[in-house]
Amino acid sequence: MEEAWVSLLSKCSSLKPTKQIHAQICKTGLHTDPLVFGKLLLHCAITISDALHYALRLFHHFPNPDTFMHNTLIRSLSLSQTPLSSLHPFIQLRRQPTLSPDSFTFAFALKAVANSRHLRPGIQLHSQAFRHGFDAHIFVGTTLISMYAECGDSGSARRVFDEMSEPNVVTWNAVLTAAFRCGDVEGAQDVFGCMPVRNLTSWNGMLAGYAKAGELGLARRVFYEMPLRDEVSWSTMIVGELLREEIRTNEVSLTGVLSACAQAGAFEFGKILHGFVEKAGFLYVGSVNNALIDTYSKCGNVAMARLVFQNMPVARSIVSWTSIIAGLAMHGCGEEAIQLFHEMEESGVRPDGITFISLLYACSHSGLVEEGCGLFSKMKNLYGIEPAIEHYGCMVDLYGRAARLQKAYEFICEMPVSPNAIIWRTLLGACSIHGNIEMAELVKARLAEMDPDNSGDHVLLSNVYAVAGKWKDVSSIRRTMTEHSMKKTPGWSMIEIDKVIYGFVAGEKPNEVTEEAHEKLREIMLRLRTEAGYAPQLRSVLHDIEEEEKEDSVSKHSEKLAAAFGIAKLPKGRILRIVKNLRVCGDCHTVMKLISKVYQVEIIVRDRSRFHSFKDGFCSCRDYW
DNA sequence: CCACCAAATG
């Protein structure tokens, strides 16, 4: 309830709608809730520049404000354009006979002084904190140090630090930046050398300090030596123009990094890069926009891809149109992809062969057989584009997925170019989806002539047998595979949590992360069984093994582990984004649907060929994949 | 009765 109001507030940036929201909050009676009221104060003081008086009036009418409420007002004002105005509620609070200031009060008030850079009120606050015995408090002490540094009094900052009994990392970091702020680069180096513990903020502090002092060479060195880099590190480098030379000389490297993100599915990192692109003015380079569209689609966020496409400040090229069509296709938005294609035709951009590959792909992944056929002939007849082998492959996929296996087979036989292994493999995949043994055997024979050592083909065929319960044939395939020392590609999945990527491989040696994932997974499966009536679907298992063992084998699939780990680690409400190297198996697909319903989370899985976005028990692929 | 608010890097 409170969160709803807060998010509503964050969307309005002027006083009038804020007043309306306030009136509504009053109706619900939540206006006396300290949390809601605090957010309202903060919003008026920071987000809206001319609403300070309104914040003060709100506070004035608040019944019996306690120390917490006073602190909130002091904090709000300290962050406003006129930080020193927070001294009024500070004095008011001290005059109240029933209330007394606490450590928060002093921390906020000192922060206000630091933001205003006026030394004299700072000194007064310091002596008052001393009288109340709060100057020894670690937060207050640390704020004192940075306050003195902001006001240019490095000697006092140093003295406060020397008198502290147990400085922690944050205190050390405050001293570090204090040295830089007073222009003492050598002092900062000393502090950095003496620090008993360092965290990312310490490194970022060094980086920013050097950059501000104009020591660009040293800053670059810090950047390369850092054990870990986050958003702040990167943006320090960009804002300080430390990487700009490299990027400006060839924006190729920027698109290169973006495409690496796309391949790895590193969404959070891609977002950071997007921020840089905007800040550094690279949005005016068409190819960078296209790379962003591609990155967002491949990282599972087609909505962001759409947004980049819609807001492009430069002309959309054929690559831009094709990228967004391919992105929509990957996410199962076939109709939208076709609609965009029509818009593209109207805008006068002429499609090329790659555009049609994306379109046909969109059709085959959304079951739009008629539309796909129409586009295929339009490509040949209207645009005069001679279909390449990839186009034929898409058509085989289109018919095959739609269970029209005979039609697909005939199509291959009538093709004017001779089919390659990929074409036959596409059909074999379709046979495995629809469980057609005869066709699968026929196709596998062709493949055996062309590409006998491909383990994936054996696995596909054996899956067809396994589904039909023909375990003899399954084990014979397995024997051939071991005899030819063919290895099944191990399945892996990864999930990004707080910009760190965790990988899971089926059957790997247990470690801390996998232990945790397994434990969470056991708990999840139990809940799915009791609350959603889940029963494991064992058809996806390759081998003819005991039922119980099979269940065990299915339960170890890497995407399940990644999902379990995500549920355990990510805060509620966050989307789980998983990347997998192979296709999702049927059982995992079901489990993801159930998890999304029971745990009320959105899960986006990128598999080998497309995206599955699970929400409320349904998948965006509508079980067509 | 408790907890919601707090210090350092861009």
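If you're matching positions, the first sequence starts at 3 in the working numbering and goes up one per residue.
Think of the CB as a built atom: it goes at the ideal place given N, C-alpha and C, for glycine as much as any other residue.
Can you tell me which of the three DSSP states residue i falls into?
i      : result
ARG579 : strand
GLY369 : coil
ALA590 : The sequence given here places Cys at residue 590; Ala does not occur at that position. DSSP places CYS590 in helix when its eight states are reduced to three.
CYS623 : coil
ARG524 : helix
ARG610 : coil
GLY493 : coil
SER16  : coil
GLU498 : strand
TYR298 : helix
TYR536 : coil
VAL419 : coil
GLU548 : Confidence at GLU548 is low in this model, with a pLDDT of 49, below 50, so the placement of that residue is unreliable and no value is reported for it.
ILE27  : helix
LYS574 : coil
PHE64  : coil
GLY437 : coil
SER615 : strand
VAL507 : strand
ILE359 : helix
Taking Cβ positions, are residue i and residue j nearer each other than 7 Å?
i      : j      : result
THR145 : ALA109 : yes
ARG608 : VAL586 : no
PHE163 : VAL177 : yes
SER78  : ALA47  : yes
ILE327 : ALA339 : yes
ALA307 : ILE295 : yes
PRO362 : CYS396 : The amino acid occupying residue 362 in the given sequence is Leu; Pro does not appear at that position. The answer is yes: Cβ separation under 7 Å.
PRO123 : VAL115 : yes
SER560 : TRP494 : yes
LYS571 : ILE499 : yes
LEU596 : LYS562 : no
MET594 : PHE616 : yes
ALA159 : TYR150 : yes
ARG432 : LEU463 : The question names Arg, but residue 432 is Ala in the sequence shown. Cβ atoms of ALA432 and LEU463: not closer than 7 Å.
LEU639 : VAL371 : Only positions 3 to 627 of the chain appear in this structure, which leaves residue 639 out of reach.
THR632 : ALA215 : Outside the shown range of the chain, which is 3 to 627, sits residue 632, and nothing can be said about it.
ILE76  : PHE92  : yes
VAL603 : LEU578 : yes
VAL199 : VAL171 : yes
ALA190 : GLY211 : yes
GLY329 : SER299 : yes
ILE320 : VAL351 : yes
ILE425 : VAL466 : no
ALA364 : ALA331 : yes
Check for me: the alpha helix (DSSP H) holding residue i runs from which residue to which?
i      : result
MET629 : Look at the range of the chain in this structure, 3 to 627, and you will see that residue 629 is not part of it.
ILE125 : 121-134
LYS273 : 269-281
HIS633 : Because the chain spans 3 through 627 in this model, residue 633 falls outside it and cannot be assessed.
PRO36  : 36-44
VAL193 : 187-196
LEU178 : 171-183
GLY329 : 320-332
ASP459 : 457-470
GLN312 : 304-312
MET483 : 473-485
ASN117 : 105-118
SER80  : 69-80
GLU152 : 140-152
ALA210 : 202-214
ILE387 : Taken as a continuous stretch (DSSP letters only), ILE387 belongs to no alpha helix (DSSP H), as it is neither H nor E.
ILE93  : 89-97
Beta strand (DSSP E) containing residue i: first to last residue?
i      : result
SER158 : No beta strand (DSSP E) holds SER158; the alpha helix (DSSP H) holding it covers 156-165.
For residue i, is the classification buried or exposed, using 16 other Cβ atoms within 10 angstroms of its Cβ as the cut-off for buried?
i      : result
SER118 : buried
GLU168 : exposed
ASP618 : exposed
LEU544 : In this prediction, LEU544 has a pLDDT of 48, which is less than 50 and means its spatial position is unreliable; what the coordinates show is noted afterwards. So LEU544 ends up on the buried side.
SER368 : buried
LEU37  : exposed
CYS28  : exposed
ALA221 : buried
HIS90  : exposed
The segment 414-422 contacting the segment 385-399, beta-carbon criterion three pairs below 8 Å: Touching, yes.
Segment contact flag, the segment 220-236 with the segment 258-269, C-beta cutoff 8 Å, min 3 pairs: no
Three CB pairs or more closer than 8 Å across the segment 512-530 and the segment 468-483: no
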